[in-house]
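Protein chains in written order, with this note's numbering: chain R, 1 to 111; chain W, 1001 to 1116. Here a beta-carbon is modelled for each residue, glycine too, at the ideal position from N, C-alpha and C. Quick caveat: nothing in here was measured; it's all calculated off a predicted structure.
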Amino acid sequence: SQQGEEDPQALSIQEGENATMNCSYKTSINNLQWYRQNSGRGLVHLILIRSNEREKHSGRLRVTLDTSKKSSSLLITASRAADTASYFCATDDTGGFKTIFGAGTRLFVKA
Amino acid sequence: NAGVMQNPRHLVRRRGQEARLRCSPMKGHSHVYWYRQLPEEGLKFMVYLQKENIIDESGMPKERFSAEFPKEGPSILRIQQVVRGDSAAYFCASSPPRGTSNYGYTFGSGTRLTVV
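#1: Mind checking which residues open and close the beta strand (DSSP E) that includes Phe1065 (chain W)?
#2: Check whether chain R comes within 8 Å of Gly1042 (chain W), counting only Cβ atoms and requiring the distance to be less than that.
#3: With 7 Å as the limit, tell me which residues of the stretch 97-109 of chain R have their beta carbon closer than that to any beta carbon of chain W; keep them in chain order.
#4: Of all Cβ atoms in chain R, is any one closer than 8 Å to the Cβ of Ser1109 (chain W)?
#5: Taking 8 Å as the CB-CB limit, is Leu61 (chain R) close to chain W?
#6: Quick one: list the residues of chain R neighbouring Asp1086 (chain W), beta-carbon separation under 9 Å, in chain order.
#7: Tell whether a beta-carbon distance below 8 Å holds between Thr77 (chain R) and Asn31 (chain R).
#8: Between the stretch 37-71 of chain R and chain W, which residues of the former have a C-beta closer than 9 Å to a C-beta of the latter?
#9: For Ala1093 (chain W), name the three-state secondary structure that DSSP assigns.
#10: Give the range of the beta strand (DSSP E) segment to which Val1047 (chain W) is assigned.
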């Protein structure tokens, strides 16, 4: 069953704008991760946030986690055309051994 | 320091044939995961293995699919008697022991299986 659900499914913005993607999940988690996938390629790990953390930064990326609402957001600031990709959230729940991925947000950054 | 190596990158099989997908984890990683991805969709968990052990195979179809991670050599995902619905991208990922890393999984580039 799907654990993480991303919103929106697709997002189109101009270069230089900020992009915000949201993820909701259903169960208690140990951590939440965000990945990026360029068309036809494997996934690249972007950032991991643990359940006891609320915010994390990495370069132009900012991730927040609200465990009370079971949601996370990924903010990409000052977007570039090269940021065009699919972005997936993934969760490690407390009861299992596997990481479950959402369906992804497809981001298009227009130059 | 090679990452996760998957081969072949592309595999074409006729209906009824067998498909073997290989995955060599990143050096130092002892945990391997297989995922399947259909076009425009997310990744669906299939199986989680450690050396010589299947830890969680709850995402594997009950028939025709099997996976192994032997003491020596790569992890193998085997699909017997392939059907058109098996056409997908199959991704392998590896990690150190769970909970010990802040870096999530390292993914391979995937094997794109086409059943004709």
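To lay it out plainly:
#1: Indexing the second sequence from 1 puts residue 1065 (chain W) at position 65. First-last of the beta strand (DSSP E) with Phe1065 (chain W): Phe1065 to Glu1068.
#2: For the purposes of this step, residue 1042 (chain W) is taken as residue 42 along the second sequence, with counting starting at 1. Output row for Gly1042 (chain W): interface = yes.
#3: Phe97, Lys98, Thr99, Ile100, Phe101, Gly102, Ala103 and Gly104
#4: For the purposes of this step, residue 1109 (chain W) is taken as residue 109 along the second sequence, with counting starting at 1. With 8 Å as the cut-off, Ser1109 (chain W) counts as an interface residue toward chain R.
#5: Here residue 61 (chain R) corresponds to residue number 61 of the first sequence, with the count starting at 1. Not an interface residue.
#6: Taking the first residue of the second sequence as 1, we reach residue 1086 (chain W) at position 86. Chain R residues near Asp1086 (chain W): none, gap ~19 Å exceeds 9 Å.
#7: Counting from one through the first sequence, the residue named residue 77 (chain R) turns up at place 77. Counting from one through the first sequence, the residue named residue 31 (chain R) turns up at place 31. No; because the gap between Cβ atoms is not below 8 Å, this pair is not in contact.
#8: Gln37, Gly40, Arg41, Gly42, Leu43, Val44, His45, Leu46, Ile47, Leu48 and Arg50
#9: Locating residue 1093 (chain W) in the second sequence gives position 93, where the first residue counts as 1. The answer is strand: DSSP assigns Ala1093 (chain W) an E or B state.
#10: As a working note, residue 1047 (chain W) is residue 47 in the second sequence. Here the beta strand (DSSP E) through Val1047 (chain W) covers Leu1043 to Gln1050.
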